[in-house]
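Engineer: Which chain is which? The protein sequence lines are L and V, in order.
Under this note's numbering, read the first sequence as residues 1 to 354, first letter to last.
Under this note's numbering, read the second sequence as residues 1 to 513, first letter to last.
Right, I'll just put the structure down here and ask away after.
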Amino acid sequence: MTQPQAAPPAPEQPEKQGKPEGAGQPGGGQGRTLVPAALLGPQVLGKAREGGIIYPFLILFVVLAIWKGETFYGQTNLLEILDQQSATLIIAAAGTMVLIGGGIDLSVGATYALCQVIAMKMAITGNPVAAILVGVVIGLGVGAANGVIATFFRINSLIATLATSFVITGGAALITGGNLITNFTATGYADFARTQFLDVTTAAWTMIGVVIVLGVVLARTIAGRYMYAAGSNAEAARLAGVRVQWIKLVTFAISGGAAALGGIIDSARVLSASSANGGTALTFTVLAGIVVGGTSILGGEGAIWRTVVGVLFIALIGNGFTLLGWNPLYEQITLGVILLLAVGGDAWSRLRTG
Amino acid sequence: MPETESTLQGADVELKDISKSFGGTHALEGVSLTIGRGKIHALVGENGAGKSTLGKIIAGAHTADSGQMLLDGEPVRFGSPHVAIARGVILIAQELAIVPALTVEQNVFLGVEPRQAGFQSRRELRRRYRELADSVGFELDGAAVAGTLRTADQQKVEILRALSRNAQLIVMDEPTAALSRPDVEALHVVIRQLATQGTTVVLVSHFLNEVLELADEVTILRDGRLVQTVPAAGQTEQSLMAAMLGRSVDATFPARRLAPAGAPTVLSVRDLVAPGVHGVSFDLRAGEIVGLAGLVGAGRTEVARAIYRANRVHSGSVSIDAGTEGRGGSAVAGTPRAALRAGVAMIPESRKEQGLLLSRPVKENVILSTLAAVSVAGLVKQAAERRTVRDVLTRVDARGGGLSAPASALSGGNQQKLLFARSLLRDPKVLIADEPTRGVDVGAKRAIYELLASLTAGGLGVLLISSDVEEILGLAHRVLVMRGGRIAAELNGDDITEAAILGAAFGSGERGA
Numbered sequence: 001m002t003q004p005q006a007a008p009p010a011p012e013q014p015e016k017q018g019k020p021e022g023a024g025q026p027g028g029g030q031g032r033t034l035v036p037a038a039l040l041g042p043q044v045l046g047k048a049r050e051g052g053i054i055y056p057f058l059i060l061f062v063v064l065a066i067w068k069g070e071t072f073y074g075q076t077n078l079l080e081i082l083d084q085q086s087a088t089l090i091i092a093a094a095g096t097m098v099l100i101g102g103g104i105d106l107s108v109g110a111t112y113a114l115c116q117v118i119a120m121k122m123a124i125t126g127n128p129v130a131a132i133l134v135g136v137v138i139g140l141g142v143g144a145a146n147g148v149i150a151t152f153f154r155i156n157s158l159i160a161t162l163a164t165s166f167v168i169t170g171g172a173a174l175i176t177g178g179n180l181i182t183n184f185t186a187t188g189y190a191d192f193a194r195t196q197f198l199d200v201t202t203a204a205w206t207m208i209g210v211v212i213v214l215g216v217v218l219a220r221t222i223a224g225r226y227m228y229a230a231g232s233n234a235e236a237a238r239l240a241g242v243r244v245q246w247i248k249l250v251t252f253a254i255s256g257g258a259a260a261l262g263g264i265i266d267s268a269r270v271l272s273a274s275s276a277n278g279g280t281a282l283t284f285t286v287l288a289g290i291v292v293g294g295t296s297i298l299g300g301e302g303a304i305w306r307t308v309v310g311v312l313f314i315a316l317i318g319n320g321f322t323l324l325g326w327n328p329l330y331e332q333i334t335l336g337v338i339l340l341l342a343v344g345g346d347a348w349s350r351l352r353t354g
Numbered sequence: 001m002p003e004t005e006s007t008l009q010g011a012d013v014e015l016k017d018i019s020k021s022f023g024g025t026h027a028l029e030g031v032s033l034t035i036g037r038g039k040i041h042a043l044v045g046e047n048g049a050g051k052s053t054l055g056k057i058i059a060g061a062h063t064a065d066s067g068q069m070l071l072d073g074e075p076v077r078f079g080s081p082h083v084a085i086a087r088g089v090i091l092i093a094q095e096l097a098i099v100p101a102l103t104v105e106q107n108v109f110l111g112v113e114p115r116q117a118g119f120q121s122r123r124e125l126r127r128r129y130r131e132l133a134d135s136v137g138f139e140l141d142g143a144a145v146a147g148t149l150r151t152a153d154q155q156k157v158e159i160l161r162a163l164s165r166n167a168q169l170i171v172m173d174e175p176t177a178a179l180s181r182p183d184v185e186a187l188h189v190v191i192r193q194l195a196t197q198g199t200t201v202v203l204v205s206h207f208l209n210e211v212l213e214l215a216d217e218v219t220i221l222r223d224g225r226l227v228q229t230v231p232a233a234g235q236t237e238q239s240l241m242a243a244m245l246g247r248s249v250d251a252t253f254p255a256r257r258l259a260p261a262g263a264p265t266v267l268s269v270r271d272l273v274a275p276g277v278h279g280v281s282f283d284l285r286a287g288e289i290v291g292l293a294g295l296v297g298a299g300r301t302e303v304a305r306a307i308y309r310a311n312r313v314h315s316g317s318v319s320i321d322a323g324t325e326g327r328g329g330s331a332v333a334g335t336p337r338a339a340l341r342a343g344v345a346m347i348p349e350s351r352k353e354q355g356l357l358l359s360r361p362v363k364e365n366v367i368l369s370t371l372a373a374v375s376v377a378g379l380v381k382q383a384a385e386r387r388t389v390r391d392v393l394t395r396v397d398a399r400g401g402g403l404s405a406p407a408s409a410l411s412g413g414n415q416q417k418l419l420f421a422r423s424l425l426r427d428p429k430v431l432i433a434d435e436p437t438r439g440v441d442v443g444a445k446r447a448i449y450e451l452l453a454s455l456t457a458g459g460l461g462v463l464l465i466s467s468d469v470e471e472i473l474g475l476a477h478r479v480l481v482m483r484g485g486r487i488a489a490e491l492n493g494d495d496i497t498e499a500a501i502l503g504a505a506f507g508s509g510e511r512g513a
C-alpha cells in the first residue's frame, strides 16, 4: 500500500470528476470493487469457513461509508483506489498462483522496476506498443528463470527469488545509471494506463482483464488444477502424472510477466520510471494482500478472488487512514497486526483440522 | 539358558494384558509377558503381527490403550519416549535418530552435554565419550562426523547414546536389517556384551537365525496376540515359523477365477535394476493377480516404483501389452506420467503421503489423472467432471463426504477407494496396488478384494503387494516372493501356502540382507 498508490495520486484526479455516478458501468459505484470477487468464486463463497476475508472487508467498507459518506463511497474515491491498486492486484493475482503451487516469489518488486525501466526507455524513442510488449516478455523470461532455478535446480524458491531480486535490481540500476527516467513527450506510452473508458482508466481495465483471466485459469482449467495439486502434495501429484516442475515453472513465469505489466502500468500512470521503484516494499505489499485474503503460504489452498479482496482490504485501510486524517504511522502497525491475525487464523484452522 | 522360575523372580519388565489399536485395526490384543533382567528377549512374528508396536509401547513411543506395565515391579505409564528415557528405557528405532552434521561425541551426549558456565566443554565431552566407548569396547572416533559413518557405526552411536543415559533396558527394532554381514557380527557382539553387563535388551527382528543366536527368550506374536514365550534354546527356525503360522481367517475372499490360460501378457519386466531392486524379471498376464510377497524392506515397493518410474531405473526393461509371447509391446520409460500413458496405474504405498491431496476436494483427487477427458481446450467442464467422478465412485463403492468434501474427511477405506477410482479412470492395463488394505477396516478390505477380483475379470492385470500373507493367499493366482531385492521364489497353484511364502521370505537359514 505504501509504494505504488502513494506515489501517483496527483495527475489523474481532475479528469475523473466530471461524469455522474454509474454511467454505464455494470453495478454502479460501490459495487464495482466487488465485481471480480463475485465473478471468480461464487461456488466458493458458499462454504462456511471459506468466506473468511469477505466479512472484514464488508464491515470495513460499511463503516467507512457511514463515517465518511460520499467522500468514501463516491465514484471518485473508489475508482481512485481501483486505479492505484491496478499494479498490485495484477501482481498479487499471479503471486497467488505461485503460492498455491507451493512456491513463493520475492523478486516481483525487482522485476517490476526492471521492466518499467526498460519499457519506458524504449518508449521514449520507439513504438510504445513494442516497448510494452518487450517489457512484459522480459518479465516472463525473468519469471521463467526463477522457475527453472526453483524447480529444476531444486533451490528453495524463497532463497532463489531473494537472490535473483538482487540481480534484477542491479540490472535495472545499470540501465538507468541510477537516474529517474521521465517521459512527458511520447504520450502513447502514458495512454496505455491513463486512457479513460467508461470512467475507468485503462490501467484498471487491464487489471480487471488480467485478474479475470488468471482467476479462470486457476479455478477452471487443467493447469489451475495442477497448480493446486503441486502445492497440496507434490509427490502425490507427480505419481498421478502431473508435471509438477513444469507447472511450478509456469506459475513463476506468470508472476514475472505480471510484475512487468504492473511496473509498466505504474510507470505509464506517473510518467516516470526508476530502478528504485517497487522493490521489497511492493513485494511485501503483494504478499500481505495474498495472505490476508486467505491463500495459504504452505501451498495448495487459496483463490484469486480472495487475493483481490485481501489487496483491496489493505487498500481500504490506507484509504480510511487518509480520509480520516489519522496518523499514517499507525497504518503500518494496523497492517502488521492484521497480517498476523490472518496467518495465525490459517495456522490455527490447519491445526484443528489436522 | 534361563529357567522359567529365575525369569519370574528377577523380572525387570512385566507387561499385563496390553492392547493397542490404530484406527479400527487391533495391533495388539491382551498381550502379557515378562522380560528378565539382563536378558536378551526377542519379539518375532510376521509383518503386522504387532512386534514393533509392542517394542514401541515398552519404550513409550506408543501408549497402550489398556493394560499395565511394571518396571522392576512398579507400575509405570510412559506417555512419551522422554519419560521412558528418564526411567532408563530407550528405543533404538529402525530409522536412526542421529544428527548427521554433529560429531559422534556430540550425538552421544546430545541434550545432556557437559556444560561449563553455559558453554559446552569440549574437553569434558571428549573425556566422557572415551570413558563410555571404552567401557563397551567400541572403537569409534568421537570426533568423526556422524553423517559420514556407515550405518553400523551410526547404530553404535545410538547404542552409546542409550548407555550415556544409563539405559537399563534397550529396545532394538530390526537393528541389523540394514547391515552387511560383518557389521551384523559386530553388532551381535555388542548386544551380547550389553546383556552380560546387566542391560536388558528387547530385540525385534525378522531374522530368525539372529534371534536364535542371540536371544535368551523368544516371544512369538501373531495378529496382535501372544502365541507363546519360550526359551530360545531348543527352538529351531522351523519351530518358530510354525508358531507364527496358522492364524484364523477373518476376512473372506472372493472366489478366485482362474486366469485364462492363453491370456496375453500385459506387463513384462526384464532384468530390472533400480534402487533396492537387483535384477527382477517376471510377466503378468491379463486377468491375473500376481502377489508380490516378502518382508518389509525386501524390495517389493521398490519394484513397484521402478515399474511405475516413480524411482530411477538403472537398467532393465518394462513393457506393456507384450502379447502372448511376452515380446514386443510398448516400453515404459521416463516418468510416472509416461507410465500412466503406457497403461500402468499405481496405488502407492502411503495414501496420505504419496496418494492424496488431503486438503483438496474428493472430485479433484479422483479426476487428477484424467482431467483432459473432461476438459475442452484446457477448460474443465464442471458437469462432465462431476458425472465422471460420481460414476467411478459408484463403481468402487466409495461413500461419504460428497464430491466437494476434502479427502482428509474420509475414512481410510474410502480414501483408498478414491485412489482406485483415480486409477480406474485411466482404464489401465496393469494396476499396481501397494498395500491397498493397510489401515482400513475389515468391511473396506472385503470391498477392495471384491473390486480387485472384478477388475481382473475385466482383463486387468494386477500386481498386488501386501504384507498380509492371508491377503496374498486369498487373492493371488501366482506369488513372487522377494528377498534382498530379488525374486527368491515363484509359487503357483497348490504351492502357494503360507509356509512356502514365509520360508522363501525369511530365506530359511540364510540372511536376506
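From the three backbone atoms N, C-alpha and C, an ideal C-beta is built for every residue, glycine too.
Owing to the predicted nature of the structure, the values given are computational and were not obtained by experimental measurement.
Taking a Cβ distance cut-off of 9 Å, strictly less, list which residues of the region 95 to 107 of chain L are near chain V, in chain order.
Structural biologist: Within the region 95 to 107 of chain L, no residue qualifies.
Engineer: In chain order, what residues of the same chain lie with their CB nearer than 8 Å to the CB of V:Ile-92, ignoring the 5 residues before and after it?
Structural biologist: For the purposes of this step, residue 92 of chain V is taken as residue 92 along the second sequence, with counting starting at 1. Closer than 8 Å at the Cβ level, and outside the excluded window around V:Ile-92, lie Gln-155, Glu-158, Ile-159, Ala-162, Ile-170, Val-171, Met-172, Asp-173 and Pro-175.
Engineer: From the DSSP secondary-structure annotation, give me the bridge partner or partners of V:Ser-268.
Structural biologist: In the second sequence, counting from the first residue as 1, residue 268 of chain V sits at position 268. V:Asp-283 and V:Ser-319, per the DSSP bridge assignment.
Engineer: As a quick exercise: from V:Asp-216, V:Asp-397, V:Gln-354 and V:Val-184, pick the residue whose alpha carbon is nearest that of L:Glu-235.
Structural biologist: If you number the first sequence from 1, residue 235 of chain L lands on position 235. The residue with the shortest Cα to Cα distance from L:Glu-235 is V:Gln-354.
Engineer: Tell me V:Gln-120's beta-bridge partners as DSSP assigns them.
Structural biologist: The sequence position of residue 120 of chain V within the second sequence is 120, counting from 1. DSSP, once it has assigned bridges, lists V:Arg-115 as partnering V:Gln-120.
Engineer: Across which residues does DSSP place V:Arg-222 in a beta bridge pair?
Structural biologist: Here the question's residue 222 of chain V lines up with position 222 in the second sequence. Paired residues: V:Arg-225.
Engineer: What residues of chain L sit near V:Gly-73, judged by a beta carbon separation below 7 Å?
Structural biologist: Residue mapping note: residue 73 of chain V aligns to position 73 of the second sequence, counting from 1. Neighbours of V:Gly-73 on chain L: none; closest Cβ ~39 Å, over 7 Å.
Engineer: Please work out which residues of its chain come closer than 8 Å, Cβ to Cβ, to V:Thr-394, disregarding the five sequence neighbours upstream and downstream, and give them in chain order.
Structural biologist: Position 394 of the second sequence, counted from the start, is the residue given in the question as residue 394 of chain V. Counting only Cβ-Cβ distances below 8 Å, and skipping sequence neighbours, we find nothing.
Engineer: So if DSSP puts V:Val-16 in a beta bridge, which residue, or which two residues, is it bridged to?
Structural biologist: As a position in the second sequence, residue 16 of chain V is number 16, starting the count at 1. Here residue 16 of chain V turns out to be Lys, not Val, going by the sequence shown. Paired residues: V:Gln-68.
Engineer: Compute the Euclidean distance between the alpha carbons of L:Ile-394 and L:Val-309, then round it to the nearest angstrom.
Structural biologist: Nothing in the structure corresponds to residue 394 of chain L, since chain L is present only between 1 and 354.
Engineer: If I follow the unbroken beta strand (DSSP E) through V:Glu-74, where does it start and stop?
Structural biologist: Along the second sequence, read from residue 1 onward, the residue named residue 74 of chain V stands at position 74. Residues 74 to 76.
Engineer: Helix or strand or just coil, what does DSSP make of V:Leu-107?
Structural biologist: In the second sequence, the residue the question calls residue 107 of chain V occupies position 107. One point to set straight first is that residue 107 of chain V is Asn, not Leu, in the sequence displayed. The answer is helix: DSSP assigns V:Asn-107 an H, G or I state.
Engineer: Contact criterion: CB-CB distance below 8 Å. Does L:Tyr-228 meet it with respect to chain V?
Structural biologist: On the first sequence, position 228 is the one that residue 228 of chain L refers to. At least one chain V Cβ lies under 8 Å of L:Tyr-228.
Engineer: Kindly identify the DSSP beta-bridge partner or partners of V:Arg-337.
Structural biologist: As a first step, residue 337 of chain V must be located in the second sequence, where it is residue number 337. The partner list for V:Arg-337 (beta bridge, DSSP) is empty, contrary to what the question assumes.
Engineer: Going along chain V in order, which residues have a C-beta closer than 8 Å to the C-beta of L:Thr-221?
Structural biologist: If you number the first sequence from 1, residue 221 of chain L lands on position 221. Correct list: Ser-375, Gly-378, Leu-379 and Val-380.
Engineer: In whole angstroms, what separates the C-alpha of V:Ile-289 from that of V:Arg-422?
Structural biologist: One-based indexing of the second sequence puts residue 289 of chain V at position 289. One-based indexing of the second sequence puts residue 422 of chain V at position 422. Each residue's Cα considered, the two are about 20 Å apart.
Engineer: Could you pull out every residue in the same chain whose Cβ sits closer than 7 Å to the Cβ of V:Ile-220, ignoring the five residues on either side in sequence?
Structural biologist: On the second sequence, residue 220 of chain V is found 220 positions in, with the first residue counted as 1. Excluding residues within five positions, the ones whose Cβ falls inside 7 Å are Val-44, Gly-45, Val-227, Gln-228, Leu-240, Ala-243 and Met-244.
Engineer: Give me the Cα-Cα distance between L:Tyr-330 and L:Thr-285, rounded to the nearest whole angstrom.
Structural biologist: Translated into the one-based positions of the first sequence, residue 330 of chain L becomes position 330. Translated into the one-based positions of the first sequence, residue 285 of chain L becomes position 285. Computed Cα separation, rounded: 16 Å.
Engineer: Can you list, in chain order, the residues of the region 229 to 255 of chain L whose Cβ is nearer than 8 Å to any Cβ on chain V?
Structural biologist: The residues in question are Ala-229, Ser-232, Asn-233, Glu-235, Ala-236, Ala-237, Arg-238, Leu-239, Ala-240, Gly-241, Val-242 and Arg-243.
Engineer: Do L:Ser-267 and L:Met-120 have their CB atoms nearer than 8 Å?
Structural biologist: On the first sequence, residue 267 of chain L is found 267 positions in, with the first residue counted as 1. On the first sequence, residue 120 of chain L is found 120 positions in, with the first residue counted as 1. Yes, these two residues count as a Cβ contact at 8 Å.
Engineer: Please check if any C-beta of chain V sits within less than 8 Å of the C-beta of L:Gly-372.
Structural biologist: Since the first and last residues shown for chain L are 1 and 354, residue 372 of chain L lies out of range.
Engineer: Beta-carbon separation of V:Gly-38 and V:Gly-287 under 8 Å?
Structural biologist: The residue you call residue 38 of chain V lines up with position 38 of the second sequence. The residue you call residue 287 of chain V lines up with position 287 of the second sequence. Their beta carbons are not under 8 Å apart, which means V:Gly-38 does not touch V:Gly-287 by this criterion.
Engineer: Going by beta-carbon coordinates alone, are V:Ala-263 and V:Arg-285 separated by less than 8 Å?
Structural biologist: On the second sequence, residue 263 of chain V is found 263 positions in, with the first residue counted as 1. On the second sequence, residue 285 of chain V is found 285 positions in, with the first residue counted as 1. Yes, the pair counts as a contact, with Cβ atoms nearer than the cut-off.
Engineer: Between which two residues does the beta strand (DSSP E) holding V:His-41 run?
Structural biologist: Translated into positions along the second sequence, residue 41 of chain V becomes position 41. Element bounds for V:His-41: 40 to 44.
Engineer: Going by other Cβ atoms of all chains shown within 10 Å of its Cβ, with 16 needed for buried, is V:Val-189 buried or exposed?
Structural biologist: Position 189 of the second sequence, counted from the first residue, corresponds to residue 189 of chain V. Per the 10 Å Cβ criterion, exposed.
Engineer: Output the distance between the C-alpha atoms of L:Ile-304 and L:Gly-293, rounded to the nearest integer angstrom.
Structural biologist: Within the first sequence, the letter at position 304 stands for residue 304 of chain L. Within the first sequence, the letter at position 293 stands for residue 293 of chain L. Looking at the two C-alpha atoms, the distance is approximately 9 Å.
Engineer: Hey, out of V:Ala-489, V:Thr-236 and V:Leu-194, whose CA is closest to V:Gly-507's CA?
Structural biologist: Along the second sequence, one-based indexing puts residue 507 of chain V at 507. Cα-wise, what sits closest to V:Gly-507 is V:Ala-489.
Engineer: Count the other CB atoms within 10 Å of the CB of L:Ile-208; is the residue buried (16 or more) or exposed (fewer)?
Structural biologist: Reading the first sequence from its first residue, position 208 is the one you call residue 208 of chain L. Buried: at least 16 other Cβ atoms inside 10 Å.
Engineer: Which stretch, first to last residue, makes up the alpha helix (DSSP H) that contains V:Asn-209?
Structural biologist: The residue you call residue 209 of chain V lines up with position 209 of the second sequence. 208 to 214 is the span of the alpha helix (DSSP H), which, as asked, contains V:Asn-209.
Engineer: Can you check which of these residues, V:Val-318, V:His-278, V:Ser-411 and V:His-314, is closest to V:Leu-267 by C-alpha distance?
Structural biologist: Residue numbering aside, residue 267 of chain V sits at position 267 when the second sequence is read from its first letter. When each option's Cα is compared against that of V:Leu-267, the closest is V:Val-318.
Engineer: What is the DSSP secondary structure of L:Gly-224, reduced to helix, strand or coil?
Structural biologist: Residue 224 of chain L sits at position 224 when you count from the first residue of the first sequence. Looking at L:Gly-224 - three-state DSSP - the assignment turns out to be helix.
Engineer: Considering only residues of the region 231 to 263 of chain L, which uninterrupted alpha helix (DSSP H) runs meet the minimum length of 4 residues and lie entirely inside it, listed in chain order?
Structural biologist: For the region 231 to 263 of chain L, whole alpha helix (DSSP H) runs of length 4 or above, ordered along the chain, are 234 to 239.
Engineer: Here's the rule I'm using: 16 or more other beta-carbon atoms within 10 Å means buried, otherwise exposed. How should V:Gly-443 be labelled?
Structural biologist: For the purposes of this step, residue 443 of chain V is identified with residue 443 of the second sequence, where counting begins at 1. Its Cβ having fewer than 16 others within 10 Å, V:Gly-443 is exposed.
Engineer: Taking the alpha carbon of L:Phe-313 as the reference point, which residue from L:Lys-248, L:Gly-126 and L:Leu-82 has its own alpha carbon closest?
Structural biologist: The count along the first sequence starts at 1 and reaches residue 313 of chain L at position 313. Nearest option by C-alpha distance: L:Leu-82.
Engineer: List the DSSP bridge partners of V:Pro-231.
Structural biologist: Working through the second sequence from its first residue, we reach residue 231 of chain V at position 231. According to DSSP, which records beta bridges pairwise, V:Pro-231 is partnered with V:Glu-217.
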